[in-house]
Amino acid sequence: MKCYLAHPVTDYGGTARQLGAVAAIEAKGWLVETPDLPIHQDAYRQHGMQHFLDVVEDCDALAFLPFADGYIGAGMAKEIEHALRRGLKVFEVNDGDLEPVDMMPACLLTVEQTRAKIAHLRASTVSSQERS
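Take any residue in the sequence shown, note its place counting from 1, add 5, and you have its number in my numbering.
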């Protein structure tokens, strides 16, 4: 079985949060499909968000990892909604556990709010690296 991991772009590339979520999914015996793979990033540039919705459809489940403050970005919300509508198993990754979800979670961000949050997180990361 295959599980799509919906998570913020700020956690792409092998961050501790991403690796923890992958480990939680793999512990359940699933193969993990992550959107940060080059093949998916190339297809996203060509086909937009529809590519990720197509990938979700090819999976048996979806697990999502919200931003650290619990908010869910607009793109992740679309993926979660798509999985729920398709009747896939949906889980929230929480402290290394997968908690079943059967309805849309709260704390959803708009596209503009998501972009602002990502920009803020990236700027904070750059600032903290400059201080080191």
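We put the CB at the ideal spot given by N, CA and C, even for glycine.
None of the values given here were measured: they were computed from a predicted structure.
Excluding five sequence neighbours on each side, which residues of the same chain lie with their C-beta closer than 6 angstroms to the C-beta of residue i?
i           : result
residue 93  : 66, 67
residue 30  : 8, 37, 68
residue 126 : 15
residue 17  : 41
residue 39  : 10
Whose C-beta lies closer than 7 angstroms to the C-beta of residue i among residues of the same chain, with five residues either side of it excluded?
i           : result
residue 106 : 95, 96, 97
In whole angstroms, give me the CA-to-CA distance for residue i and residue j.
i           : j           : result
residue 42  : residue 48  : 10 angstroms
residue 110 : residue 118 : 17 angstroms
residue 91  : residue 62  : 7 angstroms
residue 50  : residue 64  : 21 angstroms
residue 116 : residue 54  : 12 angstroms
residue 89  : residue 58  : 12 angstroms
Once the 5 residues before and after residue i are set aside, which same chain residues still bring their CB inside 8 angstroms of it?
i           : result
residue 103 : 29, 30, 33, 68, 96, 97
residue 86  : 109
residue 60  : 9, 38, 40, 45
Cβ of residue i within 8 angstroms of Cβ of residue j?
i          : j          : result
residue 26 : residue 84 : no
residue 24 : residue 77 : no
residue 52 : residue 45 : no
residue 35 : residue 81 : no
Whose CA, out of the options, lies closest to the CA of residue i?
i           : options      : result
residue 21  : 101, 82, 87  : 101
residue 13  : 59, 75, 35   : 75
residue 120 : 88, 89, 72   : 72
residue 99  : 70, 60, 88   : 70
residue 79  : 59, 130, 122 : 122
Where are the alpha helix (DSSP H) runs, 4 residues long or more, that stay fully inside the stretch 46-101, in chain order? Complete alpha helix (DSSP H) runs here, min 4: 54-62, 79-90.
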